[in-house]
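Residue 434 in the numbering used here sits at position 434 of the sequence shown, with consecutive numbering throughout.
Ideal placement from N, C-alpha and C gives every residue a C-beta, glycine not left out.
Note that the coordinates shown come from a computational prediction; the quantities given were computed from them, not determined experimentally.
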Amino acid sequence: MTITRFAPSPTGRLHVGNIRTALHNWLWARKQGGQFLLRLDDTDKERSKEEYVDAIRADLAWLGMDIDGEARQSARFDRYEAAFETLSAAGRIYPAYETAQELELKRKILLGRGKPPIYDRAALALSDQEIADFEAEGRTPHWRFKLDHDVPIEWNDLIRGRQHFDPALLSDPVIRRADGSWLYMLPSAVDDAEMGVTHVVRGEDHVTNTGLQLQMFDAMGVRSPAFAHEALLVGSEGKLSKRLGSLGVEAFREDGIEPMAVLSLLGRIGTSDPVEPFAEVAPLIEGFDFTRFGRAPARFDAEELATLNAKIVHQLDFDSVADRLPGGMAADGWDAIRPNLSTVVEARDWWHVVQGPVDDVVFDSETTAYLDQAAAMAADIAWTDTVWKELTTTLKAETGRKGKPLFLPLRQALTGRDHGPEMAALLPLIGKERTVARLSRQA
Ligand code: GLU
């Protein structure tokens with residue numbers, strides 16, 4: 001069975017970049033009839049906050065990404081400890097005593113000589129005496145995972161194709177700090193193995209980590225998951241802006257963006273499939289395919305999202321929005337107003353227009369006379385669903401007006417605005433009494 005996971009650190013709210021990664025993991029799991037897990041990477045006790053855990057759950061729920069299970073790294077320290085013991089016993093973990101400053105100095109020297117700043121494994125060469133001296137000095141070690149330089153790192157990335165790293169050109173990663181706390185690398189590999197994760201979809205900033213983790217899977221004697229590293233998300237201006245980093249569900253909700261607009265956009269940007277306004281998620285699931293992903297960054301454009309949102313709002317049926325509409329607004333009201341909306345909240349404005357009072361518009365005397373004539377006619381005419389058509393046809397015949405002079409004053413008097421939903425749909429909602437009152441300009 002396919003098992004994917006989304007593994008955010010609860011140190012902040014989700015932003016579009018995380019949401020996109022979550023979505024791709026979710027889409028793949030759903031397409032395969034598999035499971036999508038939420039794994040909270042909360043090993044950092046200081047920065048992880050319960051409010052963010054709640055917000056992450058709520059954001060995923062709002063987006064419609066249901067989860068099949070949840071795990072928290074903070075509840076799994078015994079598992080990491082066990083892996084640490086096993087790997088240490090196998091000679092794959094070693095203590096290192098360098099201070100941050102010493103490591104920085106080594107880096108600078110290597111870079112200064114034009115060499116890649118690979119850790120020199122000095123810690124492996126320490127004598128028992130040197131170690132004893134460090135310990136006597138009060139130094140406590142941090143821990144590194146020892147890469148096997150004889151085994152080339154290779155995998156078939158589902159997006160990037162064949163990947164190859166020479167482990168000798170990589171530093172042995174620090175997996176545990178001197179205070180015993182964990183860095184991301186080993187716990188994640190332990191979790192992926194123990195939770196049976198079959199596919200890891202994440203940003204290409206993790207490609208090197210994957211290389212390192214593949215050796216950890218091997219060292220633990222477990223099968224590694226398949227990996228798909230997607231190109232990163234950038235703003236329309238071409239780089240990962242600060243703004244994108246703070247753009248998330250909260251902002252979407254404030255702007256009246258529908259969850260399906262977010263999914264429609266984030267599901268398709270960066271792929272060779274067109275961005276389409278999907279009101280349902282099924283076609284996104286069905287069409288999801290790693291081979292469609294490109295290597296160029298995916299561009300996120302807020303304007304594209306807004307346009308997509310309007311197109312989705314136009315497809316939403318009354319039942320799916322009823323609980324968000326103003327009281328008293330029924331299906332006929334929604335159907336009349338919907339084509340004119342960019343967001344569902346805007347229905348409120350137009351419902352106020354229907355119910356009145358509408359903004360006052362000042363007309364010249366000729367127009368006032370025309371509107372009085374229209375008022376008299378509206379009072380007389382049979383009030384059917386086609387009342388707008390009948391009213392305007394008769395007015396046209398009787399006044400000789402056509403086009404804008406025929407229609408615009410009516411719209412202005414009836415709605416207080418120059419633009420809006422089709423008057424043909426609006427007029428039956430406004431109803432006879434209000435129509436006559438609004439058209440009637442006589443003092
Ligand atoms: N917590 C890690 C991150 O947010 C997870 C990366 C991964 O998917 O393995 O970068």
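Check: Residue from Leu14, Gly203, Ala298 and Val197 whose Cα sits closest to the Cα of Glu237; Outcome: Ala298
Check: Given Leu186 as reference, the closest of Arg160, Arg144 and Asp332 once Cα atoms are compared; Outcome: Arg144
Check: Own chain residues within Cβ distance below 6 Å of Ala331, not counting five before or after; Outcome: Phe318
Check: Cβ neighbour criterion (16 or more within 10 Å) applied to Arg202; Outcome: buried
Check: Beta bridge counterpart(s) of Pro116 as assigned by DSSP; Outcome: BP columns for Pro116 are empty, so no partner.
Check: Other residues of its chain near Asn209: CB distance less than 7 Å, five sequence neighbours each side excluded; Outcome: Met185
Check: Spatially closest choice to Ala437 from Ala231, Asp360 and Arg76, by CA coordinates; Outcome: Asp360
Check: Phe290 and Arg176 closer than 8 Å at C-beta; Outcome: no
Check: Secondary structure of Val197, DSSP reduced to three states; Outcome: coil
Check: Burial state of Met1 (16 or more Cβ within 10 Å); Outcome: exposed
Check: Residues that DSSP places opposite His164 in a beta bridge; Outcome: Glu154
Check: Same chain, Cβ closer than 7 Å to Pro409, five either side skipped, listed in chain order; Outcome: Phe363, Thr367, Tyr370 and Leu371
Check: Best match in Leu212, Phe252, Ile257 and Ala71 for proximity to Val174 [C-alpha to C-alpha]; Outcome: Leu212
Check: Proximity below 8 Å, CB of Leu37 to CB of Met195; Outcome: yes
Check: Candidates Thr43, Ala374, Thr198 and Phe278, of which the one nearest Ala413 by Cα; Outcome: Ala374
Check: Which of helix, strand or coil DSSP assigns to Leu233; Outcome: strand
Check: Any non-hydrogen atom of ligand 1 closer than 7 Å to Pro357 Cβ; Outcome: no
Check: Cβ pair Val249, Ser264 closer than 8 Å; Outcome: no
Check: Three CB pairs or more closer than 8 Å across the region 43–50 and the region 5–13; Outcome: yes
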